[in-house]
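Numbering (the working numbering), first residue to last: 36 to 205.
Some notes on the structure that comes next.
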């Protein structure tokens, strides 16, 4: 068992070893039972009783070396990161669609999308932070770190679709 991760194959190997142990224990128990009552017999009986092993349950059904609960946590974190990435793409596209002309109303719309993005990033970061150290965690952390988009400043105060500096030059 590697770090407590038990695949079906590992469990089968452990069960085979336990079966051998149980057979040897049975043979030894028969020999101990044949001894006359004594402190030595009691000691041997106690030692045999201490050889009580349990084969752990399978917790890596897909045999990928990662416990199933960790696989599920990685999947949930990955989904949360993908959702945040989609919201980030929405924000980038919304900014690009404004062609550099940002009115107060546009700024408010973009801020609303960014607020949603920040909330999604926070949720995803919490799930990623809860993962055990791994390449998957590092990758998801890097993907979240890449979702950093600053909002453009308002440059069309009157909302007429013309950048204020351009109007002033006319």
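C-beta: ideal position from N, C-alpha, C; glycine also.
Nonlocal neighbours in the same chain, by C-beta distance under 7 Å from residue 133, ignoring five residues either side: For the purposes of this step, residue 133 is identified with residue 98 of the chain shown, where counting begins at 1. Excluding residues within five positions, the ones whose Cβ falls inside 7 Å are 141.
Reduced DSSP category for residue 163 - H, G, I as helix; E, B as strand; rest coil: Mapped onto the chain shown, residue 163 falls at position 128. Residue state, collapsed to three classes: helix.
Out of 199, 194, 163, 119, point me to the one whose CA is closest to residue 110's CA. As a working mapping, residue 110 is identified with position 75 in the chain shown. Ranked by Cα distance from residue 110, the first of 199, 194, 163, 119 is 163.
Mind checking whether residue 122 and residue 155 have CB atoms under 8 Å apart? For the purposes of this step, residue 122 is identified with residue 87 of the chain shown, where counting begins at 1. For the purposes of this step, residue 155 is identified with residue 120 of the chain shown, where counting begins at 1. Yes, the pair counts as a contact, with Cβ atoms nearer than the cut-off.
Once you ignore the five residues that flank residue 184 on each side, which residues in its own chain have a CB closer than 7 Å to its CB? The residue given as residue 184 occupies position 149 in the chain shown. Counting only Cβ-Cβ distances below 7 Å, and skipping sequence neighbours, we find 123, 126, 127.
For residue 52, is the classification buried or exposed, using 16 other Cβ atoms within 10 angstroms of its Cβ as the cut-off for buried? Reading the chain shown from its first residue, position 17 is the one you call residue 52. Around the beta-carbon of residue 52, fewer than 16 other beta-carbon atoms lie within 10 Å, marking it exposed.
Tell me where the alpha helix (DSSP H) around residue 133 begins and ends. Here residue 133 corresponds to residue number 98 of the chain shown, with the count starting at 1. From DSSP, residue 133 is part of no alpha helix (DSSP H); its letter is neither H nor E.
Return the residue from the list 42, 173, 161, 120 that minimises the CA-CA distance to residue 151. The residue labelled residue 151 in the question sits at position 116 within the chain shown. Cα-wise, what sits closest to residue 151 is 120.
Consult DSSP for residue 40 and reduce its assignment to one of helix, strand or coil. Translated into the one-based positions of the chain shown, residue 40 becomes position 5. Strand, per DSSP.
Have a look at 70, 131, 103 and flag the residue whose alpha-carbon is nearest the alpha-carbon of residue 39. The count along the chain shown starts at 1 and reaches residue 39 at position 4. Across the set 70, 131, 103, the C-alpha of 103 shows the shortest separation from the C-alpha of residue 39.
Could you tell me the boundaries of the alpha helix (DSSP H) in which residue 191 lies? Against the chain shown, residue 191 aligns to sequence position 156. Premise fails: residue 191 is in no alpha helix (DSSP H) and is neither H nor E.
Please state the DSSP three-state secondary structure of residue 88. Within the chain shown, the letter at position 53 stands for residue 88. Three-state DSSP puts residue 88 in coil, outside helix and strand.
Please look up how many angstroms separate the CB atoms of residue 41 and residue 92, rounded, as I've assumed it's under 8 Å. Along the chain shown, read from residue 1 onward, the residue named residue 41 stands at position 6. Along the chain shown, read from residue 1 onward, the residue named residue 92 stands at position 57. Rounded, the Cβ-Cβ distance is 7 Å, consistent with contact.
Measure the C-alpha to C-alpha separation of residue 204 and residue 195 and round it to an integer number of angstroms. Residue mapping note: residue 204 aligns to position 169 of the chain shown, counting from 1. Residue mapping note: residue 195 aligns to position 160 of the chain shown, counting from 1. So the alpha carbons of these two residues sit roughly 15 Å apart.
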